[in-house]
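Please read the structure below before turning to the comments.
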Amino acid sequence: MTGLIDTHAHLTFNPLSGDVPGVLERGAQAGVAHVITVGTDVADSCRAVELADRHQSVSAVVGIHPHEAAKVATGAYDELGELLRHPRAVAMGEVGLDYHYDHSDRRSQHAVFKAQLEVAQDFDLPLVMHCREAIDDAVAILQERGFDGRPVVFHCFTGTVDEAKRLADHGWRVSFTGVVTFRTSEALRAVARDYPADQMMLETDAPYLSPEPVRKIRPNEPAHLRHTAEFLARLRGEPLDQLIEQTTRNAEAFFGIHTSAIG
Numbered sequence: 018m019t020g021l022i023d024t025h026a027h028l029t030f031n032p033l034s035g036d037v038p039g040v041l042e043r044g045a046q047a048g049v050a051h052v053i054t055v056g057t058d059v060a061d062s063c064r065a066v067e068l069a070d071r072h073q074s075v076s077a078v079v080g081i082h083p084h085e086a087a088k089v090a091t092g093a094y095d096e097l098g099e100l101l102r103h104p105r106a107v108a109m110g111e112v113g114l115d116y117h118y119d120h121s122d123r124r125s126q127h128a129v130f131k132a133q134l135e136v137a138q139d140f141d142l143p144l145v146m147h148c149r150e151a152i153d154d155a156v157a158i159l160q161e162r163g164f165d166g167r168p169v170v171f172h173c174f175t176g177t178v179d180e181a182k183r184l185a186d187h188g189w190r191v192s193f194t195g196v197v198t199f200r201t202s203e204a205l206r207a208v209a210r211d212y213p214a215d216q217m218m219l220e221t222d223a224p225y226l227s228p229e230p231v232r233k234i235r236p237n238e239p240a241h242l243r244h245t246a247e248f249l250a251r252l253r254g255e256p257l258d259q260l261i262e263q264t265t266r267n268a269e270a271f272f273g274i275h276t277s278a279i280g
C-alpha cells in the first residue's frame, strides 16, 4: 500500500524535536511514508536540512516565516541560498504574509516575502505559502513577481470555495490540515469536498492542529495524518486507498521527491 506524505510539519519544534526517531516510527506505523519538515527562519531551516540529512524519510523546506520578518539579519538570503543547494531541500517556505497576528510589521513582511521570492526564482523550486488574512496582498505580490503558473501551495488553507478557485486560476493549489475535521469547518469542507483530486495534498502542521478524533491530544504529529485522510475519503465518497495514492502522487510530483511504499 502507498504511504501518506505529510507535506508540512515542524519536526524541529518542541516537543517533536526531542524524539524524531519515535515520531517517524509512529508515523510509519500509521502509514505515513514521508514527512516534509518546514523551516521558519535561517537557524530553523538549518536544523530542518540537518534533520532531513539524517533521516531518509524526511525532506526539508527552507525559508523565513512572516512572523520572523522583522528580525531578518544581513546575509540571511545568502544563507538560505546555500541551504537550498542541499539535495534534501525540496522547496522554499514557509514564506508569505500574516495579518492576523502581525508579529512583524507589514512593511517588513512585504520586504522579506519579496526578497525570498527572488531567491525562489533563482533556484526554480516550489513555494510553500503562509497566508493569513492577507490573500489580496499575497496574490498581488506573487503575480507581480511572476509566479503565475509556478508551483505554489497555500499551506493550512482555511478559506472559502471562491478563494480556493481564485488561487487555482493562477495555477496554485492549497493543502489541507486537520482543521477540515473540526465541527466548525463547514466552509472548508465545502472546498475539500470537490477539490480537484490531482491537486490535493495533506499535512499536519505538527505539532499544531491535531485532527478529530484526537483533537485534544498534544502535540500533533505525523501519525495523526491518517485521521485527516480517512475523514476526507468519507467526505469525498472515495476509497481511502485511492485518496492516499492520489495525494501521495501529487506531493511527489509537486516537491520532486520519491517515497517508499509501506507494506
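Position 39 (the sequence shown) corresponds to 56 in the numbering used here; numbering is contiguous.
Just so you know, even glycine gets a beta-carbon here, dropped at the ideal spot from N, CA and C.
Subject >> Residues near ALA278 by beta carbon distance below 8 Å, same chain, minus five either side >> reply: Any reading at ALA278 must be qualified, since the residue scores a pLDDT of 46, below 50, and its modelled position is unreliable; the value itself is stated next. If we look at ALA278 and ignore the five residues flanking it on each side, its Cβ neighbours are MET18, THR19, GLY20 and ALA50.
Subject >> Nearest-angstrom beta carbon gap, HIS84 and GLY113 [assumed within contact, 8 Å] >> reply: At roughly 10 Å, the Cβ-Cβ gap does not stay under 8 Å, so GLY113 and HIS84 are not in contact.
Original post:
Since ARG124 is in the beta strand (DSSP E), which residue starts that stretch and which ends it?
Top reply: Unbroken run through ARG124 is the alpha helix (DSSP H), 123-140; no beta strand (DSSP E).
Subject >> Beta-carbon proximity list for ALA87, same chain, < 7 Å, skipping 5 on both sides >> reply: SER121, ASP122 and SER125
Subject >> LEU219 versus ARG183 - alpha carbon distance >> reply: 20 Å
Original post:
DSSP three-state call for ALA214: helix, strand or coil?
Top reply: coil
**OP:** Specify, as a first and last residue, the run of the alpha helix (DSSP H) that VAL89 falls within.
**Re:** No alpha helix (DSSP H) holds VAL89; DSSP gives it neither H nor E.
Subject >> Opening and closing residue of the beta strand (DSSP E) in which HIS25 lies >> reply: 21-26
Original post:
If you compare alpha carbons, which of ASP36, ALA77, GLY163 and ASN267 is closest to GLY63?
Top reply: One detail in the question is off: residue 63 reads as Cys in this sequence, not Gly. Of the candidates ASP36, ALA77, GLY163 and ASN267, the one whose C-alpha sits nearest the C-alpha of CYS63 is ALA77.
Original post:
How is the alpha helix (DSSP H) around ILE152 delimited, first residue to last?
Top reply: 152-161
**OP:** Just tell me which of GLY92, HIS172 and ASP153 has its CA closest to the CA of GLN133.
**Re:** GLY92
Subject >> Cα-Cα separation, ALA223 to PHE193 >> reply: 13 Å
Subject >> Residue(s) in a DSSP beta bridge with CYS148 >> reply: LEU114
Original post:
By how many angstroms is the C-alpha of VAL89 removed from the C-alpha of THR265?
Top reply: 34 Å
Original post:
Just how far apart, CA to CA, sit ARG232 and CYS173?
Top reply: 16 Å
Subject >> For PHE174, the first and last residue of its enclosing beta strand (DSSP E) >> reply: Counting along the chain, PHE174 falls outside any beta strand (DSSP E), and DSSP gives it neither H nor E.
Original post:
Looking at the unbroken beta strand (DSSP E) that takes in SER192, where does it start and where does it end?
Top reply: 190-193
Original post:
In whole angstroms, what separates the C-alpha of GLN263 from that of PHE130?
Top reply: 31 Å
Subject >> Close-in-space but distant-in-sequence residues of the same chain around VAL107 (CB under 8 Å, 5 per side omitted) >> reply: ILE53, SER76, ALA77, VAL78, LEU142, PRO143, PHE272, GLY273 and ILE274
Subject >> Short CB-CB distance (under 7 Å) between HIS241 and chain B >> reply: The question asks about chain B, but that chain is absent: this structure has only one protein chain.
Subject >> Candidates LEU242, ASP154 and GLY98: closest to GLN138 by CA position >> reply: GLY98
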